[in-house]
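The block underneath contains the structure these notes are about, expressed in structure tokens.
Protein chains: 2
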Amino acid sequence: MTNNTKRDRFFNLTLVLIHEKGFKATTMRAIAQNLQFEVANVYNYIASKESFLEESLFGIQQEFLLAMDTIEHSEYDARKKLELVIGSYIQITSERPYEQALLVNEWRNLKTPKLEEFVKRRREYERQLETIIQQGIEMGQLRDMDSELATKMILSTLRWSYQKFLSNKAQSNPLILEKQLIDFIFHGILMK
Amino acid sequence: MTNNTKRDRFFNLTLVLIHEKGFKATTMRAIAQNLQFEVANVYNYIASKESFLEESLFGIQQEFLLAMDTIEHSEYDARKKLELVIGSYIQITSERPYEQALLVNEWRNLKTPKLEEFVKRRREYERQLETIIQQGIEMGQLRDMDSELATKMILSTLRWSYQKFLSNKAQSNPLILEKQLIDFIFHGILMK
DNA sequence: TATTTACATGAACACTTGTTCATGTAAACT
DNA sequence: AGTTTACATGAACAAGTGTTCATGTAAATA
């Protein structure tokens, strides 16, 4: 019913195309041409250009939210939770790098009720991460710092990581990258 | 000749609008409406929508390249050079946050010869930064690590900083932010 | 065998896009 | 006083946009 080869091909190739050109710049005709058929046929796969974006975005965002919820409700300490957040982030990203690229670069193209919903959920994710960092500071595991700034810096470091898994280059090993990112975020770059 | 109030107003407000809506989503008619005049009048300020993007992008990019060149040719050690790169990055960003936002978010919209030129210059900037990091590793000032990855992580941390200077929020003090970013990049977040 | 399903086409639609052109006006220079 | 300069308008354009509709076909299912 849903697990069809042609359908998969459509979604995979379209995600790559949108990543390369940008959502707005990717026309329905370009999507069709990329798959070697006519424009009208695109509507046998998706209801609209807008709905394709919405479903891709909310689909992958949900993955991140679920991972964060699981970690938040666990019994680990803040440092371990932070490691798990980074680990889950890299794992999801390595499995679905093009959807993650969409999440990072194309969410602005959502229209008005969906856009607010998206931003609200993202803020919730950030708030959960910031809470973990605050706990780490209180417990003395993390240095005393501006927790909001730390949250933003960590996320900006993670957000970039999808580039390591795009299919046009030698792909990284997620576990190695995870270790490198934890190293950077925890210890910085300076020699001790 | 060039320092006209109305011109300044045009460029400032248009940069804000493009930052809010995105370049592709910002129509010439929206730019005109934002300034309370008619579409045709926009062409008294700029030659085309495309040229506006090009000139904004290459203008601010040049600032970064010049700062990097000065630092590269200085006699400081790698650690000090890295501090200067971060400092100049934050200073430029704090002075022109909306152009920096354009640089980060809208460079994809450049068309084919200009796009390659832009990417080439950005790569050169990244290469210069990576060289400094490599020197730091060789001199034992920085930990032994993947210098390319370190470069990307540092830049992704810096790229996000323009958000701290947008006019719709309480603006940060550039010098304080610079110190916080150097702290994060050099020492990470873990308590020693 | 009959029928549903998935995939495909081509023509047309209403609308939006960036841009141009001819023209106008008020202030600033010469 | 005459002329250049900066700023402004309204109408029109050609091209491109997402989407719809009626229709077709070959394979899977009943």
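Chains D and L, in that order, are what the protein sequence lines are. Throughout the first sequence, residue numbering follows this note's numbering, covering 451 to 642 in sequence. Throughout the second sequence, residue numbering follows this note's numbering, covering 451 to 642 in sequence. C-beta atoms are modelled at their ideal positions from N, C-alpha and C, and glycine is treated no differently.
Same chain, Cβ closer than 6 angstroms to residue i, neighbours up to 5 away in sequence not counted
i, result
"Thr452 of chain L", "Low confidence applies here, because Thr452 of chain L scores a pLDDT of 42, under 50, leaving its location unreliable and the question unanswered by this model."
"Val492 of chain L", "Met478, Ile481 and Ala482"
"Ser506 of chain L", "Glu549 and Leu552"
"Phe568 of chain D", "Trp557 and Leu560"
"Lys531 of chain D", "Ile521 and Ile582"
"Ser597 of chain L", "Glu580, Ile583 and Gln584"
"Leu592 of chain D", "Gly586"
"Arg572 of chain L", "none"
"Arg577 of chain L", "none"
"Met518 of chain D", "Tyr575 and Gln578"
"Ile468 of chain D", "Thr476"
"Ile496 of chain L", "Phe502"
"Ser544 of chain D", "Phe615 and Pro624"
"Gly537 of chain D", "Glu628"
"Leu534 of chain D", "Ile521"
Within chain D, the residues that residue i reaches when beta carbons sit closer than 8 angstroms
i, result
"Ser606 of chain L", "Ser606, Thr607, Arg609 and Trp610"
Other residues of its chain near residue i: CB distance less than 8 angstroms, five sequence neighbours each side excluded
i, result
"Glu513 of chain D", "Ile542 and Arg546"
"Lys474 of chain L", "Asn559"
"Glu566 of chain L", "none"
"Glu574 of chain D", "Leu515"
"Ile510 of chain L", "Ile542, Arg546, Glu549, Gln550, Leu552 and Leu553"
"Asn484 of chain L", "Leu463, Thr464 and Leu467"
"Phe634 of chain D", "Thr607"
Neighbour list for residue i in chain D, Cβ cutoff strictly below 7 angstroms
i, result
"Leu592 of chain L", "Ile639, Leu640 and Met641"
"Leu599 of chain L", "Gln630"
"Lys602 of chain L", "Trp610"
7 angstroms Cβ cut-off: residues of chain L touching residue i
i, result
"Ile635 of chain D", "Gly638 and Ile639"
"Arg558 of chain D", "Gly472"
Chain-order list of residues whose beta-carbon lies under 7 angstroms from that of residue i (same chain, five-residue window excluded)
i, result
"Gln616 of chain L", "Gln is not the amino acid found at residue 616 of chain L; the sequence shown has Leu there. Hits under 7 angstroms: Pro547."
"Leu503 of chain D", "Phe473, Glu556, Asn559 and Leu560"
"Val466 of chain D", "Tyr548"
"Asp458 of chain L", "none"
Residue i burial status per 10 Å Cβ neighbour count (16 or more: buried)
i, result
"Tyr612 of chain L", "buried"
"Met589 of chain L", "exposed"
"Ala528 of chain D", "buried"
"Gln486 of chain L", "exposed"
"Tyr526 of chain D", "exposed"
"Lys456 of chain D", "exposed"
"Ser501 of chain D", "exposed"
"Ala644 of chain L", "This structure does not reach residue 644 of chain L, given that chain L is present from 451 up to 642, and the question cannot be answered."
"Glu628 of chain D", "buried"
"Ile604 of chain L", "buried"
"Leu393 of chain D", "Residue 393 of chain D falls outside the range modelled here, since chain D spans only 451 to 642, and no answer is possible."
"His523 of chain L", "exposed"
"Leu625 of chain D", "exposed"
"Lys570 of chain D", "exposed"
"Leu463 of chain D", "exposed"
"Thr607 of chain D", "buried"
"Lys602 of chain D", "buried"
Chain-ordered chain L contacts of residue i [CB-CB under 9 angstroms]
i, result
"Asp596 of chain D", "Gln630"
If the cut-off is 7 angstroms on Cβ atoms, which residues from the segment 470-481 of chain L count as contacting chain D, listed in chain order?
For chain D, the residues of the segment 470-481 of chain L that bring a beta carbon within less than 7 angstroms of one of its beta carbons are Gly472, Lys474 and Ala475, in chain order.
Would you list, in chain order, the members of the segment 507-529 of chain D that have their beta-carbon closer than 8 angstroms to a beta-carbon of chain L?
Arg529
What are the complete alpha helix (DSSP H) segments, minimum 4 residues, inside the segment 560-627 of chain L?
562-588 and 597-609
Return the chain-ordered ranges of every alpha helix (DSSP H) run that is complete within the segment 480-553 of chain D and spans a minimum of 4 residues.
489-492, 499-522 and 528-545
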